[in-house]
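Report on one structure; see the data block that follows.
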Amino acid sequence: MNLIKALSLSAFLLPALTGCHVPLKPYRLQHPAIEVPVAASASAPEVAIASPEKDCISANTPVCLAFIEVDDMGELFDKGELNTALRVIRQANDLAKADAGQADPIVITFVHGWKNNASETNGNVEGFKLALGEVYRRFQRTHRVIGVYIGWRGDLIRSAWAVSRQLSYYNREAAAIRVPGATLSSALTQIATRTHENQQALAIFIGHSFGGLLLERSLSEATASQIAQATIFAQEAAAAPPGSEEAKEKGMAAKFAADSRADLVIFINPAGAAMEAKQMLDFLTYNGYRYQPAAQKALIEDSQAASLPDKDADRPLFVSLTSTSDLATKVAMPIGHAFPYLGFKREGSFRDLSQEPNKKYALSCFDPRKEHPYWDLKTKEEGAQSQGAYFMSTAPHMQVLQSHVMLKAVGANQMRVSSTGQMIHIEDPSAIAECNRDLFNKQNLNIVSTFRLDDTGACFAIQERPNRCNGTPYWMMEIDPDVVPDHSTIFTRRFISFLIDTFFSTPKGQALQRLNPQMMRTP
Amino acid sequence: MPRFLQCLLLIVPVALTAAGHAQAIPLNRAATIQVCPGAFPTDLTATDCRYKIQQRTLDFVSGSVTDQAILGAVVFGLGAQVTQSPSEWKRTWDGYGRRVGSRYTQAVGKGAAQYLVGLIVNDDPRFLAYRDDPRVIRRRRDAVCALTTRASSNAAAPCANPTPETLDALTHDGWQRFGHAWYDVITVRHSTVHGDGRRIPAFSRFAGEFGGAYAGYPWYPAAENSFAQVGQRAAGAFGTALLSSFYTEYKPEITNLLGAVFRRGSQPKSSTGAQP
Numbered sequence: 001m002n003l004i005k006a007l008s009l010s011a012f013l014l015p016a017l018t019g020c021h022v023p024l025k026p027y028r029l030q031h032p033a034i035e036v037p038v039a040a041s042a043s044a045p046e047v048a049i050a051s052p053e054k055d056c057i058s059a060n061t062p063v064c065l066a067f068i069e070v071d072d073m074g075e076l077f078d079k080g081e082l083n084t085a086l087r088v089i090r091q092a093n094d095l096a097k098a099d100a101g102q103a104d105p106i107v108i109t110f111v112h113g114w115k116n117n118a119s120e121t122n123g124n125v126e127g128f129k130l131a132l133g134e135v136y137r138r139f140q141r142t143h144r145v146i147g148v149y150i151g152w153r154g155d156l157i158r159s160a161w162a163v164s165r166q167l168s169y170y171n172r173e174a175a176a177i178r179v180p181g182a183t184l185s186s187a188l189t190q191i192a193t194r195t196h197e198n199q200q201a202l203a204i205f206i207g208h209s210f211g212g213l214l215l216e217r218s219l220s221e222a223t224a225s226q227i228a229q230a231t232i233f234a235q236e237a238a239a240a241p242p243g244s245e246e247a248k249e250k251g252m253a254a255k256f257a258a259d260s261r262a263d264l265v266i267f268i269n270p271a272g273a274a275m276e277a278k279q280m281l282d283f284l285t286y287n288g289y290r291y292q293p294a295a296q297k298a299l300i301e302d303s304q305a306a307s308l309p310d311k312d313a314d315r316p317l318f319v320s321l322t323s324t325s326d327l328a329t330k331v332a333m334p335i336g337h338a339f340p341y342l343g344f345k346r347e348g349s350f351r352d353l354s355q356e357p358n359k360k361y362a363l364s365c366f367d368p369r370k371e372h373p374y375w376d377l378k379t380k381e382e383g384a385q386s387q388g389a390y391f392m393s394t395a396p397h398m399q400v401l402q403s404h405v406m407l408k409a410v411g412a413n414q415m416r417v418s419s420t421g422q423m424i425h426i427e428d429p430s431a432i433a434e435c436n437r438d439l440f441n442k443q444n445l446n447i448v449s450t451f452r453l454d455d456t457g458a459c460f461a462i463q464e465r466p467n468r469c470n471g472t473p474y475w476m477m478e479i480d481p482d483v484v485p486d487h488s489t490i491f492t493r494r495f496i497s498f499l500i501d502t503f504f505s506t507p508k509g510q511a512l513q514r515l516n517p518q519m520m521r522t523p
Numbered sequence: 524m525p526r527f528l529q530c531l532l533l534i535v536p537v538a539l540t541a542a543g544h545a546q547a548i549p550l551n552r553a554a555t556i557q558v559c560p561g562a563f564p565t566d567l568t569a570t571d572c573r574y575k576i577q578q579r580t581l582d583f584v585s586g587s588v589t590d591q592a593i594l595g596a597v598v599f600g601l602g603a604q605v606t607q608s609p610s611e612w613k614r615t616w617d618g619y620g621r622r623v624g625s626r627y628t629q630a631v632g633k634g635a636a637q638y639l640v641g642l643i644v645n646d647d648p649r650f651l652a653y654r655d656d657p658r659v660i661r662r663r664r665d666a667v668c669a670l671t672t673r674a675s676s677n678a679a680a681p682c683a684n685p686t687p688e689t690l691d692a693l694t695h696d697g698w699q700r701f702g703h704a705w706y707d708v709i710t711v712r713h714s715t716v717h718g719d720g721r722r723i724p725a726f727s728r729f730a731g732e733f734g735g736a737y738a739g740y741p742w743y744p745a746a747e748n749s750f751a752q753v754g755q756r757a758a759g760a761f762g763t764a765l766l767s768s769f770y771t772e773y774k775p776e777i778t779n780l781l782g783a784v785f786r787r788g789s790q791p792k793s794s795t796g797a798q799p
């Protein structure tokens, strides 16, 4: 009798725990590109979302949003969506070419994360639309802004089934690993290439949470190849006799390779293991890459004036940001990876720190700002980690991989490091008062940029991490909860201000432009 | 127009506004600080702060009816099975079924009472951390502004309140946060578009706690149905709400604490071969 009761109870509970699935379907086939209404002012954004969706047909629409949807296996639902996105980008480029008063477009591609999709009622779709409007406003309404929303089946279980939804973690992580492939990779390459038909237009890729993992896996191989090709062709062009056919051909090949990648890739609260990022980091480290578009442009335009590149000129090609209070990637992700970790460990898949010739495993470091830019971290005491550690954490949460830290003003003379809580005494109070990078740097703090929160006016600074191992153009840092409070809250004016002030403008305060996409190698 | 001139025209105004690499304080938003309960300051998606019926229903269903409530009943029922509470129910499948059933009924009763009372008084029970409270944000901005005026000759910014008593508002520390977590659990706001509804006692929350406690009546043995026992069960449920409020308030610290357990990769202690 007891057994019957137990079975009855289980029969009642089990279907409940499996929850209700969100069906696999495309949401945007009928309207693959829509206009994003822009509110008159930042204080009235509700106007923007209250309007019904309209198709983006006119080239004069200031902000458009196109959708590209892939299924659970990584295939496009309809190639027409990609074609529409490419058509919208071309229209914007054509308008910029034809009308001298039109500024060059900014194309922002966003890959959403877990528990989201491309449906009309989805919070990420709404948030991305509002964020595009905010970017448009921040650039004084001069640049056309085109959003491309990459939709995948991030939401497996309906929100009413909270526990089952949480338990879909492994399933959706597997999807985020499975979906990247030739389809998505080529779509991203086409977006970048189409954008760069206008040489000044910017292609920005952004991935959030599992979308970061998905984006990283889609881009890593292709981007590494594009960088390597561009570098080799540029070197060969430089070695060829000036003005020769060979020099021109190689120069063109280098340009095409550089044009087919994004100008900036941003991962926000990425949920992938650090080993996803580490391979790209190793590639950039081994080759000693630097990305200094302004300095490179100056070198090309005026070789007489060329001097050693300004230290301020270093810009990121990849940025990985995570909130210090992101419970999902800081705590839940290591817990989620614990079982697979034990499996890998049992099978002997991870390499431990070792200096034996056949088992050598260390962390290679590169910082072009140092006199000896290459070195290795070999022991735990030095900060090196065994391979398994990179599986158990996201990259920006690992201190040893962080390239920068965020500082927050907490008093007239005090800045606090957001990731460690360490206090830094600022000798000149006017540095904090004016939030002035140059005044901070009089104290040799190596501040890269400063920004203020939009609402409180609080001053923040981005500092090169002292004694860092990662000085590549793959920037990684933890950010303050005042800027991003948790895993999901990313469509805020505070965060967008931080992104624009830090990554969309140069340290000299100029608006970011696509000056020169070629990278440099440090001998 | 040559591309160079276009670029120059774009750069000059931006460069001028950023002269000296200093960041001006955005004071023009003084009147527009709006933070919805449960949201984050400047959240672009939180434009209409009303706690709408769809959201209220979803919160009720996901928290008190579906798998979360079932899992809670199963787990806490198991705990009660181990401690054999109430003692009248034996440690048998029958006893476990009663423990799970009573807890599930209490969860539904609690949610339903909170839902109905909340609907009647039109409240918004979502928590808001002290640091995200619009009044605190205003105080912090005043402090920043005063600091700027005091410390920099370049900054003659017109502060709304140029002489705040203290610059402590720059930090979030102090007893205010502790008090705020308590205050937020015993009061709620009226649901309004701008999230600035007046505070009222958390009738819906109290009704929910007692509703849940009384929902156990048909299950529990008569000895467990005294007012004192019901009060005890309600107090236990209130403790959960209190924990939730404290979690909202201290989330950064809690995350850091938990994160330290899982942290991988320390800061390099040596820069072998890399001395500047």
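Protein chains in written order, with the numbering used here: chain A, 1 to 523; chain B, 524 to 799.
Think of the CB as a built atom: it goes at the ideal place given N, C-alpha and C, for glycine as much as any other residue.
Taking a beta-carbon distance threshold of 8 Å, proline 62 of chain A does not count as an interface residue toward chain B. Listed in chain order, the positions of the segment 646-665 of chain B with a beta carbon within less than 7 Å of a beta carbon of chain A are Ile660, Arg663 and Arg664. For leucine 202 of chain A, DSSP records a beta bridge to A/Ile106. Residue pairing by DSSP leaves glutamine 190 of chain A without any beta bridge partner. At least one C-beta of chain A is nearer than 8 Å to the C-beta of phenylalanine 785 of chain B. In chain order, Asp566, Leu567 and Thr568 make up the part of chain B whose C-beta sits under 8 Å from the C-beta of phenylalanine 491 of chain A. Straight across, the Cα-Cα distance linking glutamate 747 of chain B with phenylalanine 599 of chain B is about 17 Å. Here the segment 121-133 of chain A does not lie against the segment 273-292 of chain A, with fewer than 3 beta-carbon pairs under 8 Å apart. Lysine 575 of chain B has a beta carbon lying at 8 Å or more from every beta carbon in chain A. Under the 8 Å criterion on CB atoms, leucine 639 of chain B is classed as non-interfacial with respect to chain A.
No Cβ-Cβ contact shorter than 8 Å links alanine 389 of chain A with methionine 476 of chain A. Judged by beta-carbon spacing, serine 209 of chain A lies beyond the 8 Å limit of alanine 262 of chain A, meaning their Cβ atoms are not closer than that value.
Judged by DSSP in its simplified three-state form, histidine 404 of chain A adopts strand.
The segment 248-266 of chain A makes no contact with the segment 172-185 of chain A: fewer than 3 CB pairs, one atom from each, lie closer than 8 Å. Assignment of arginine 437 of chain A by DSSP, reduced to helix, strand and coil, places it in the helix class. Pairwise C-beta distances place the segment 572-590 of chain B in contact with the segment 155-165 of chain A, as three or more of them are shorter than 8 Å. When C-alpha distances from arginine 626 of chain B are compared across B/Arg700, B/Ala666, B/Ile593 and B/Ile709, the shortest belongs to B/Ile593. Per DSSP, the unbroken alpha helix (DSSP H) holding glutamate 245 of chain A starts and ends at 245-259. Nearest CB-CB separation between cysteine 572 of chain B and chain A: not below the 8 Å threshold. When Cβ pairs closer than 8 Å are counted between the two stretches, the segment 346-362 of chain A is seen not to touch the segment 416-430 of chain A, the count staying below three. For glycine 127 of chain A, the chain B residues whose C-beta falls within less than 7 Å of its own C-beta are Leu567 and Thr568, listed in chain order. Between the beta-carbon of isoleucine 106 of chain A and that of valine 145 of chain A there is about 5 Å, and that keeps the pair under the 8 Å contact cut. DSSP, read as helix, strand or coil, puts glycine 207 of chain A in strand. Around the beta carbon of arginine 649 of chain B, a 10 Å sphere encloses 16 or more other beta carbons of the protein chains shown; the residue is thus reported as buried. Contact annotation for phenylalanine 563 of chain B against chain A: Pro485, Thr489 and Thr492 [CB-CB distance below 7 Å, chain order]. In this structure, glycine 731 of chain B places its C-beta atom within 8 Å of the C-beta atom of glycine 634 of chain B. Annotation: glutamine 226 of chain A to glycine 211 of chain A spans about 22 Å, alpha carbon to alpha carbon. Measuring C-alpha to C-alpha distances from glutamate 173 of chain A to each of A/Ala228, A/Ser220, A/Lys115 and A/Thr193 identifies A/Lys115 as the nearest. Around glycine 288 of chain A, no beta-carbon contact reaches into chain B at under 8 Å, the shortest distance being about 13 Å. Every alpha helix (DSSP H) stretch that sits fully inside the segment 570-597 of chain B and reaches 4 residues is listed by chain position as 576-587. Scanning its chain for C-beta atoms nearer than 7 Å, with the 5 sequence neighbours on each side dropped, one finds around threonine 231 of chain A the residues Met519 and Arg521, in chain order. Going by C-alpha positions, alanine 603 of chain B is about 8 Å away from proline 609 of chain B. The beta carbon of proline 481 of chain A lies closer than 7 Å to those of Ser323, Thr324 and Ser325 in the same chain, with the five residues before and after it left out. When secondary structure is reduced to three states using DSSP, phenylalanine 451 of chain A falls in the strand class. Spanning the alpha carbons of aspartate 656 of chain B and glycine 80 of chain A requires a straight line of approximately 46 Å. Membership of tyrosine 706 of chain B in the alpha helix (DSSP H) is indicated by the continuous run 698-709.
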